[in-house]
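Engineer: Residue numbers (my numbering), protein chains in the order written: chain B, 199 to 357; chain X, 603 to 777. In this text, a Cβ means the ideal position worked out from N, Cα and C, and glycines have one as well. All figures in this text were calculated on a predicted structure; none of them were measured in a lab.
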């Protein structure tokens, strides 16, 4: 099955029809998605700001990262479960939107980066890491997730 | 005197029309509004979780806010500026929009909640900030803030759905 055929199948499902035919389902799921996005951003930024050497400097990065991770995963679960129905609802619009594909690539890159390099740096001994690596990791993390949010907003505005 | 003449006057200003007719202004402002909202609401939400005793319990509460506030306020400032520019570009669209007024009212309430916390519970932070369960005042401020900011984000999104306003609002005939 080609990617296009898969998106055409999604567009034809009862779930897609439900979102297109009911008045409140799309706005409500969009609201949930945005609230979860803010929670996700908070859990990312509280650690990234600390990796930059600012913010909660009286707390070890590793402790902050461990505590933030459960909120990060929780928020991501809500983002995913509120995002997938929206893709079903407007599957063909998403398929033909370059911003959608950019967003998906950035999310994939963000997830891989967050749970490999960033996690390793955040949980490592701070003295051993020095000052440059944590800052670089924070800047890359902020850049990836900010770009994902920008492209996400542009799907609706420019597609 | 109603607000309508002021909104109509603003709507007819050349700079308002120029922003309204610009192809790039609306997407640029709206995108910056959402990204800065994430910076602000994300960090304030994290602070609210601390007030509820749900995270960073071993970190003194009074040491958290001054350290994250500069970042959160930067996000808030960009959100306010881009929000005002969005408003200025289409005053008459917002004048009749139920969710715009609802959102504006809740922003005022969120500010009031922060102010009340600042002049009451925060003053005694030294006594409770290491408690595993923060006092009722702190937990109340935290939950009110979380609910209000979530509702502000939701009503902000619903501004795009002007047609879904309550019937009594439509009966006011503001459009």
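According to DSSP, simplified to helix, strand and coil, what is residue 665 of chain X?
Structural biologist: Of the three classes helix, strand and coil, the one that applies to residue 665 of chain X here is helix, per DSSP.
Engineer: Residue 637 of chain X touches chain B at which residues, Cβ-Cβ below 9 Å?
Structural biologist: In chain order: 239, 344, 347, 348 and 351.
Engineer: Taking C-beta pairs closer than 8 Å, name the residues in chain X that residue 281 of chain B reaches, listed in chain order.
Structural biologist: Residues of chain X passing the Cβ test: none, with the nearest at roughly 14 Å.
Engineer: Ignore the nearest five residues each way along the sequence and tell me which others in residue 640 of chain X's own chain have a CB closer than 8 Å to its CB.
Structural biologist: Within the same chain, residue 640 of chain X has close Cβ partners 677.
Engineer: Under 8 Å, do residue 642 of chain X and residue 687 of chain X count as touching if we go by C-beta distance?
Structural biologist: Cβ distance not < 8 Å, so residue 642 of chain X and residue 687 of chain X don't count as in contact.
Engineer: Please state if the CB of residue 229 of chain B and the CB of residue 756 of chain X are separated by a distance shorter than 8 Å.
Structural biologist: Their beta carbons are under 8 Å apart, which means residue 756 of chain X touches residue 229 of chain B by this criterion.
Engineer: Pull up the distance between the alpha-carbon of residue 323 of chain B and that of residue 698 of chain X, whole angstroms please.
Structural biologist: So the two alpha carbons sit approximately 56 Å from each other.
Engineer: In three-state terms, what does DSSP make of residue 763 of chain X?
Structural biologist: Here residue 763 of chain X sits in coil by DSSP.
Engineer: When you compare only the Cα positions, how much space is there between residue 766 of chain X and residue 240 of chain B?
Structural biologist: The straight-line gap from Cα to Cα measures roughly 30 Å.
Engineer: Just verifying my parser: in three-state terms, what is the DSSP assignment at residue 294 of chain B?
Structural biologist: The answer is coil: DSSP assigns residue 294 of chain B none of H, G, I, E or B.
Engineer: Could you tell me whether the Cβ of residue 253 of chain B comes closer than 8 Å to any Cβ of chain X?
Structural biologist: Yes, residue 253 of chain B counts as interfacial toward chain X.
Engineer: Helix, strand or coil for residue 220 of chain B, going by three-state DSSP, please let me know.
Structural biologist: In the structure shown, residue 220 of chain B sits in coil (DSSP, three-state: anything other than H, G, I, E or B).
Engineer: State the Cα-Cα distance for the pair residue 355 of chain B and residue 634 of chain X, rounded to the nearest angstrom.
Structural biologist: Spanning the two alpha carbons is a distance of roughly 13 Å.
Engineer: So, for residue 753 of chain X: in the same chain, excluding its five sequence neighbours on each side, which residues have a beta-carbon less than 7 Å away from its beta-carbon?
Structural biologist: For residue 753 of chain X, where only same-chain residues beyond five positions count, the Cβ hits under 7 Å are 708.
Engineer: Can you tell me the Cα-Cα spacing of residue 288 of chain B and residue 636 of chain X, whole angstroms?
Structural biologist: Distance between the alpha carbons of residue 288 of chain B and residue 636 of chain X: 21 Å.
Engineer: If you draw a straight line from the alpha carbon of residue 349 of chain B to that of residue 304 of chain B, how long is it in whole angstroms?
Structural biologist: Approximately 9 Å, taken between the alpha carbons.
Engineer: Please report how far the alpha carbon of residue 694 of chain X lies from the alpha carbon of residue 610 of chain X, in whole angstroms.
Structural biologist: Near 7 Å, if we compare the C-alpha coordinates of residue 610 of chain X and residue 694 of chain X.
Engineer: Compute the beta-carbon to beta-carbon distance between residue 629 of chain X and residue 321 of chain B, rounded to the nearest angstrom, for a pair I have assumed lies under 8 Å.
Structural biologist: Actually they do not touch by this definition, with Cβ atoms about 38 Å apart.
Engineer: Determine the burial state of residue 679 of chain X: buried for a count of at least 16 other Cβ atoms within 10 Å of its Cβ, exposed for fewer.
Structural biologist: With fewer than 16 other Cβ atoms within 10 Å, it is exposed.
Engineer: Under a three-way DSSP split, which group does residue 255 of chain B fall into?
Structural biologist: Three-state result, residue 255 of chain B: coil.
Engineer: Might you give, ordered along the chain, the residues of its own chain that have their beta carbon closer than 7 Å to the beta carbon of residue 652 of chain X, omitting 5 neighbours on each side?
Structural biologist: So the qualifying residues of the chain are 658, 663 and 666.
Engineer: Starting from residue 333 of chain B, trace the alpha helix (DSSP H) in both directions and tell me its first and last residue.
Structural biologist: First-last of the alpha helix (DSSP H) with residue 333 of chain B: 330 to 356.
Engineer: If the cut-off is 7 Å on Cβ atoms, which residues from the stretch 663 to 685 of chain X count as contacting chain B, listed in chain order?
Structural biologist: Going along the stretch 663 to 685 of chain X in chain order, one finds 665, 666, 669, 670 and 673 with a Cβ nearer than 7 Å to chain B.
Engineer: In chain order, what residues of the same chain have a beta carbon less than 7 Å from the beta carbon of residue 214 of chain B, not counting five sequence neighbours either side?
Structural biologist: The answer, listed in chain order, is 208, 286, 287 and 289.
Engineer: What whole-angstrom Cβ distance do residue 647 of chain X and residue 295 of chain B have, given they're in contact under 8 Å?
Structural biologist: At roughly 29 Å, the Cβ-Cβ gap does not stay under 8 Å, so residue 647 of chain X and residue 295 of chain B are not in contact.
Engineer: To the nearest whole angstrom, what separates the beta carbons of residue 760 of chain X and residue 696 of chain X, a pair I think is in contact under 8 Å?
Structural biologist: Incorrect: roughly 13 Å between the Cβ atoms, too far for contact.
Engineer: Leaving out five residues on either side along the sequence, give the residues of the same chain with a beta carbon under 8 Å from the beta carbon of residue 346 of chain B.
Structural biologist: Here the set comprises 301, 304, 305 and 308.
Engineer: I need the straight-line Cα distance from residue 231 of chain B to residue 750 of chain X, nearest angstrom please.
Structural biologist: The alpha-carbon atoms of residue 231 of chain B and residue 750 of chain X are separated by roughly 16 Å.
Engineer: Could you pull the start and end residues of the alpha helix (DSSP H) that residue 647 of chain X belongs to?
Structural biologist: Counting along the chain, the alpha helix (DSSP H) containing residue 647 of chain X begins and ends at 627 to 653.
Engineer: Check the Cβ-Cβ distances between residue 709 of chain X and every residue of chain B, and say whether any is below 8 Å.
Structural biologist: For residue 709 of chain X, the answer is no, since every Cβ of chain B falls outside 8 Å of its Cβ.
Engineer: Where residue 276 of chain B and residue 264 of chain B are concerned, what is the direct C-alpha to C-alpha distance, given to the nearest angstrom?
Structural biologist: Their Cα atoms are separated by approximately 19 Å.
Engineer: If the cut is a Cβ gap below 9 Å, which residues of chain X does residue 284 of chain B touch?
Structural biologist: Those within 9 Å of residue 284 of chain B in chain X number zero; the least Cβ separation is about 12 Å.
Engineer: How long is the line joining the alpha carbons of residue 715 of chain X and residue 670 of chain X, rounded to whole angstroms?
Structural biologist: The straight-line gap from Cα to Cα measures roughly 18 Å.
Engineer: Among X:735, X:674, X:638 and X:718, which residue has its Cα nearest to the Cα of residue 746 of chain X?
Structural biologist: Of X:735, X:674, X:638 and X:718, the residue nearest in Cα terms is X:718.
Engineer: Between residue 619 of chain X and chain B, is there a C-beta pair that is closer than 8 Å?
Structural biologist: It does not: the Cβ of residue 619 of chain X has no partner Cβ on chain B nearer than 8 Å.
Engineer: Listing by chain order, which chain X residues have their CB less than 8 Å from the CB of residue 269 of chain B?
Structural biologist: 648, 651 and 657, listed in chain order.
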